[in-house]
Amino acid sequence: MNNSTSYNSGLLLLRVGFSGMMLTHGIPKLLKMISGDFSFGDPIGIGEPASLVLAVLGEVLFPILVIIGFKTRLAAIPVIITMAVAAFIVHAADPLGTKEMAILYLIGFVVIALLGAGKYSVDKK
1 MNNSTSYNSG LLLLRVGFSG MMLTHGIPKL LKMISGDFSF GDPIGIGEPA SLVLAVLGEV
61 LFPILVIIGF KTRLAAIPVI ITMAVAAFIV HAADPLGTKE MAILYLIGFV VIALLGAGKY
121 SVDKK
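The numbering of the sequence shown is full-length UniProt numbering, which starts it at 1 and goes up by one.
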């Protein structure tokens, strides 16, 4: 594995950039949940409250773990699943332009899962 400064800086930028932007989608859902409003879509048939909790985990908790670089490869998996559901189930019938954001996040987090966190992380690998 390449341990160069630019490689590890790139991994840091990838982690912080994608995860930071993901938080802009997840934090409003978290605030909605905290306020007691559990109305949400039910794309996989487990109920609205459970779907909202899973979306918050996939868009807030796990991206925070990715930002700090803690168990990064494992932490990226729930985000990948969340974005796959968004792109290919929630927006399945929509045109590409509508599902494009979810697909871009999906690609970014797959790359993070494949490459790991790098040395600028809690895990430092």
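Even glycine gets a Cβ: it sits at the ideal position worked out from N, Cα and C.
For A76, collect the residues of the same chain with a Cβ closer than 8 Å to its Cβ; drop the 5 residues on either side in sequence, then sort them by chain order.
F62, V66, F109, V110, I112 and A113.
Leaving out five residues on either side along the sequence, give the residues of the same chain with a beta carbon under 6 Å from the beta carbon of T98.
Here the set comprises H91.
Determine the contact status of K124 and N3, defining contact as a CB-CB distance below 8 Å.
No; because the gap between Cβ atoms is not below 8 Å, this pair is not in contact.
Would you call the region 3-22 and the region 33-41 touching, i.e. three or more CB-CB distances under 8 Å?
Judged by Cβ distances under 8 Å, the region 3-22 makes no contact with the region 33-41, as fewer than three pairs qualify.
Is the beta carbon of K29 sitting closer than 8 Å to the one on L52?
Taking 8 Å as the Cβ cut-off, K29 and L52 qualify as a contacting pair.
With a cut-off of 8 Å on the beta carbons, I'd call G26 and E59 a contact; round off their distance for me.
Rounded, the Cβ-Cβ distance is 3 Å, consistent with contact.
Do V122 and F70 have their CB atoms nearer than 8 Å?
Closer than 8 Å, so yes.
Nonlocal neighbours in the same chain, by C-beta distance under 8 Å from E48, ignoring five residues either side
Contacts found: F38, S39, F40, G41 and D42.
Report all residues from its chain with a CB closer than 8 Å to the CB of V85; omit the five preceding and five following residues, and keep chain order.
Residues of the same chain with a CB within less than 8 Å of the CB of V85, apart from the 5 flanking positions on each side, are P43 and I44 in chain order.
Are R15 and T82 close, meaning C-beta to C-beta below 8 Å?
Not in contact: R15 and T82 (Cβ atoms no closer than 8 Å).
L11: buried (16+ other C-beta within 10 angstroms of its C-beta) or exposed?
With 16 or more other Cβ atoms within 10 Å, it is buried.
Do you know whose CA, among Y7, T5, S6 and L13, lies nearest I68's CA?
Comparing Cα-Cα distances from I68 to each of Y7, T5, S6 and L13, the minimum goes to L13.
Beta-carbon contacts of Y7 that lie in its chain and below 8 Å, excluding the five residues immediately before and after:
Cβ neighbours of Y7 beyond the five flanking positions: G118.
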